[in-house]
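Inspection log for the structure reproduced underneath, given as structure tokens.
Number of protein chains: 4
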Amino acid sequence: MARPRNEDKRNGILAAATALIAEQGLGAATSEIAKKAGVPHGSVFTYFETKAELLNVLYLELTTELTDTVTAVMSIEDDTRAQFHRLWTGWTQWGVINPSKRRVQAQLNVSDQVSEQSRKSAYDYAEPVFELIRRASARGALRNAPIDFVGALVEALVVATTDSIIRDPERADEYSEAGFEAAWQALS
Amino acid sequence: MARPRNEDKRNGILAAATALIAEQGLGAATSEIAKKAGVPHGSVFTYFETKAELLNVLYLELTTELTDTVTAVMSIEDDTRAQFHRLWTGWTQWGVINPSKRRVQAQLNVSDQVSEQSRKSAYDYAEPVFELIRRASARGALRNAPIDFVGALVEALVVATTDSIIRDPERADEYSEAGFEAAWQALS
Amino acid sequence: MARPRNEDKRNGILAAATALIAEQGLGAATSEIAKKAGVPHGSVFTYFETKAELLNVLYLELTTELTDTVTAVMSIEDDTRAQFHRLWTGWTQWGVINPSKRRVQAQLNVSDQVSEQSRKSAYDYAEPVFELIRRASARGALRNAPIDFVGALVEALVVATTDSIIRDPERADEYSEAGFEAAWQALS
Amino acid sequence: MARPRNEDKRNGILAAATALIAEQGLGAATSEIAKKAGVPHGSVFTYFETKAELLNVLYLELTTELTDTVTAVMSIEDDTRAQFHRLWTGWTQWGVINPSKRRVQAQLNVSDQVSEQSRKSAYDYAEPVFELIRRASARGALRNAPIDFVGALVEALVVATTDSIIRDPERADEYSEAGFEAAWQALS
DNA sequence: GATGAATGAGTATTCATTCAT
DNA sequence: AATGAATGAATACTCATTCAT
Chain G
121 MARPRNEDKR NGILAAATAL IAEQGLGAAT SEIAKKAGVP HGSVFTYFET
171 KAELLNVLYL ELTTELTDTV TAVMSIEDDT RAQFHRLWTG WTQWGVINPS
221 KRRVQAQLNV SDQVSEQSRK SAYDYAEPVF ELIRRASARG ALRNAPIDFV
271 GALVEALVVA TTDSIIRDPE RADEYSEAGF EAAWQALS
Chain E
121 MARPRNEDKR NGILAAATAL IAEQGLGAAT SEIAKKAGVP HGSVFTYFET
171 KAELLNVLYL ELTTELTDTV TAVMSIEDDT RAQFHRLWTG WTQWGVINPS
221 KRRVQAQLNV SDQVSEQSRK SAYDYAEPVF ELIRRASARG ALRNAPIDFV
271 GALVEALVVA TTDSIIRDPE RADEYSEAGF EAAWQALS
Chain F
121 MARPRNEDKR NGILAAATAL IAEQGLGAAT SEIAKKAGVP HGSVFTYFET
171 KAELLNVLYL ELTTELTDTV TAVMSIEDDT RAQFHRLWTG WTQWGVINPS
221 KRRVQAQLNV SDQVSEQSRK SAYDYAEPVF ELIRRASARG ALRNAPIDFV
271 GALVEALVVA TTDSIIRDPE RADEYSEAGF EAAWQALS
Chain D
121 MARPRNEDKR NGILAAATAL IAEQGLGAAT SEIAKKAGVP HGSVFTYFET
171 KAELLNVLYL ELTTELTDTV TAVMSIEDDT RAQFHRLWTG WTQWGVINPS
221 KRRVQAQLNV SDQVSEQSRK SAYDYAEPVF ELIRRASARG ALRNAPIDFV
271 GALVEALVVA TTDSIIRDPE RADEYSEAGF EAAWQALS
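So this is what it looks like as structure tokens:
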């Protein structure tokens, strides 16, 4: 199943899907996605075998993009707390800056159309993030908890903070800092 | 003097909707819900004007039930930490004991079919829970943050913990206690 | 099938049906008609066995009312042209004054829910009107045509005139007089 | 380069709609229309966005066909009365020859599913017919009446005559000639 | 008789996917 | 490969009529 080469069309479809799913939920029709992307309906199915595959690819693109973003900012050498702080702000900002992507991610996270395999790939790719979280929690109450669980807690806090900021953007800094402190204490 | 509305039928429809939505997502067909509830398709619409109304009622029933459950256990007089501990375990256990309800709630939380009004009602009803969370966070890093935000952070931790337990039930106690400690520290 | 006695309810249902059918066509739901009439849905079917019967009764009430109206004004002794003129203005005015009834009549005239029997009754009841039309056409080009046909032509002109007035009420008198002249000449 | 739209299918749907609406009224189901046309139900909606659009297209096709028919016969050079006579017989004959189309037209004429725009298009297209009617009425009692009104009166007479012929076909010529004389006198 | 809940066949419309061109 | 017409099962919702209360 070698991917057809026109990368632009493929990305256009994914971008259109993101915009439409953010508006209408996962029920957004493939024909509408095609129209928004400016490609014929049939092309959706030459780039993605099924709608489910499109959703899985979208899930992976979003999680990969997010992981890349936060990995980039957090990898600068520094002490753990400072690194974790950069992780935190990078992560929340990604959601604030990309509210459509954030909404789509929220939908995909609870959808059974996304396969376990996709979820596992996303997890594996986020390994460096987990690594930092492990370090940040190495001496705290969660020191003996499985890293998946600790990661889930951190993600939950990030997401709750992000959504609060999106709902009430004027207090962005306040939420971000308070959320960070709460997270840091939770790990301590 | 006409036949009165049958409360059992109404509840049967809501129960069937819960089971089916847990399995299939919000796309579960009203005709399937009717079949599972053992009522004719048309009857769904004598009890709920539209599918959206059914979903909103379901949302409110679930959140109300959850709030009642946790309010009951947390209201015993005690110090704040002990009360918060009972809130925590009552909340997570509700999700663990009712995984279908938990899954449906997760779907409804990200659905735009649930109206702002329904969400507000649920929030208002949960006032006693927020009250306790406020007390628990009165001296910590979040002391000046809006209570909605603090509540969202706590809910995020509860939900993440619950879902971790559902995924890996053998470590239920471990997750629950670790999650509680993390939450308590976040608020301290 | 002795008619239930509460004449008010029955008339209320017919009035509500008229208003609703004028707005929505013959597809207007019996439950909506009941609601508008302020009676329970079931009552519609204690006063009328079926919706089709309701429509037939409505048809007869409308045509009877119209016939009574025009018969009343035209029966004053006078020469034929003056009588026909009163017939004409009485008929058109009824439609102009009762646009909802006029619209419902138009719908029922092309509906196959109205039985041949109902149509025949309406025709029979309008006998005095046909009688005058016969006299008015006794010496003209239509003198040998069947009276039903002549009546149909006159009715067609009345209806066309009425609808023109309803559409453009400022020219009511002009249309009415011009229509009358045209009809009179057609019969001469 | 995809399959082009199939004109035959489209016309088949319109023909099936005509037959079924003539029998059952505008309530005729799209699924029945599809079955009668020998196409899958869904195809109705690739050719017409909604049932309302189908009805509007049908209205326009019928009125256009009728206008073309009468325009063709009336345009032969001749004196006004002879031209009007050909208009008259062409018009009534179209209805007599196509009773289903005539019945559908009667339904559509009183339906609020047909838009004002469609009605205006039909009127505009019939301009040459109005032109002849204007000439025929230039010296009569209706000489100062708006042409729309005069046209409505003529149409009313045509339709009444046509329907009388359909009901009693043996006297076709008698009705047609008597109706023509009546109309001509009405305009004189 | 009055009431309105119950019923289930029927309605227009949608949609992922296929496939002829 | 590109295109968009074709498909038909599926969907939410309606409604005249019946009938338990």
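Residue numbers (the numbering used here), protein chains in the order written: chain G, 121 to 308; chain E, 121 to 308; chain F, 121 to 308; chain D, 121 to 308.
Glycine is no exception: its CB is placed at the ideal position from the N, C-alpha and C atoms.
Considering only E:I217, E:K129 and E:S241, the residue with the shortest C-alpha distance to P160 (chain E) is E:K129. In the three-state DSSP reduction, S308 (chain G) falls in the coil class, being neither helix nor strand. The beta-carbon of G145 (chain E) is placed less than 8 Å from the nearest beta-carbon of chain G. Pairing D293 (chain D) with T281 (chain F), the inter-Cα distance amounts to about 27 Å. Cβ atoms of A302 (chain G) and A306 (chain E) come within 8 Å of each other, at about 4 Å.
A straight-line Cα-Cα distance of about 52 Å links T183 (chain F) and S151 (chain G). For I196 (chain E), there is no enclosing alpha helix (DSSP H), as DSSP gives it neither H nor E. The DSSP-derived three-state label of N229 (chain D) is helix. For S235 (chain F), there is no enclosing alpha helix (DSSP H), as DSSP marks it with neither H nor E. The beta-carbon of A258 (chain E) is placed no less than 8 Å from the nearest beta-carbon of chain G. Within chain G, no residue has its CB atom less than 7 Å from the CB of G215 (chain E), the nearest being about 13 Å off. Taking a Cβ-Cβ cut-off of 7 Å, S238 (chain G) has no neighbours in chain E, whose nearest Cβ is about 16 Å from it. In the DSSP assignment, L140 (chain E) falls within the alpha helix (DSSP H) that extends over E127 to Q144. Taking the Cα of Q225 (chain D) as reference, the smallest distance to any Cα among D:T166, D:L178 and D:A202 is reached at D:L178. In terms of beta-carbon proximity, L262 (chain G) lines the interface with chain E, with at least one pair separated by less than 8 Å. When secondary structure is reduced to three states using DSSP, P289 (chain D) falls in the helix class. Residues of the same chain with their beta carbon placed closer than 7 Å to that of A298 (chain D) are lacking, with the five preceding and five following residues left out of the count. Contact between the stretch 266 to 284 of chain E and the stretch 206 to 215 of chain E is present, with at least three C-beta pairs closer than 8 Å. Against Q305 (chain F), the close residues of chain D are A261, Q305, A306 and S308, in the order they occur along the chain (beta-carbon pairs closer than 7 Å). Between S220 (chain E) and T138 (chain E), the beta carbon gap of about 5 Å places them in contact (Cβ cut-off 8 Å). Y295 (chain F) belongs to the set of residues whose beta carbon lies under 8 Å from a beta carbon in chain D.
For the set G:Q144, G:E290, G:F300 and G:D283, the Cα lying nearest the Cα of V216 (chain G) is the one of G:D283. For D232 (chain E), the C-beta contacts it makes with chain G under 9 Å involve E143, Q144 and G145, in order along the chain. With respect to chain D, the C-beta atom of L277 (chain F) has a partner C-beta closer than 8 Å. In the DSSP assignment, V159 (chain F) falls outside any alpha helix (DSSP H), carrying neither H nor E. When CB distances to chain D are screened at a threshold of 7 Å, the residues of the stretch 201 to 229 of chain F falling below it are A226 and Q227, in chain order. Under the Cβ criterion of 8 Å, E185 (chain F) is not counted among the residues facing chain D. Taking 8 Å as the threshold, the shortest C-beta distance from F269 (chain D) to chain F falls below it. Under the Cβ criterion of 8 Å, L180 (chain D) is not counted among the residues facing chain F. The shortest CA-to-CA distance from D268 (chain D) to any of D:L175, D:V249, D:W214 and D:F168 is the one to D:V249. Using a Cβ distance threshold of 8 Å, W214 (chain D) and V230 (chain D) do not count as a contacting pair. Of the residues assessed, Q227 (chain G) falls on the buried side of the cut-off, its CB having 16 or more other CB atoms within 10 angstroms. With respect to chain G, the C-beta atom of S235 (chain E) has no partner C-beta closer than 8 Å. Annotation: S163 (chain D) to G147 (chain F) spans about 25 Å, alpha carbon to alpha carbon. I196 (chain E) sits exposed, since fewer than 16 C-beta atoms from the chains shown fall within 10 Å of its C-beta.
Closest in alpha carbon position to K156 (chain G), among G:E169, G:G132, G:G145 and G:A172, is G:G132.
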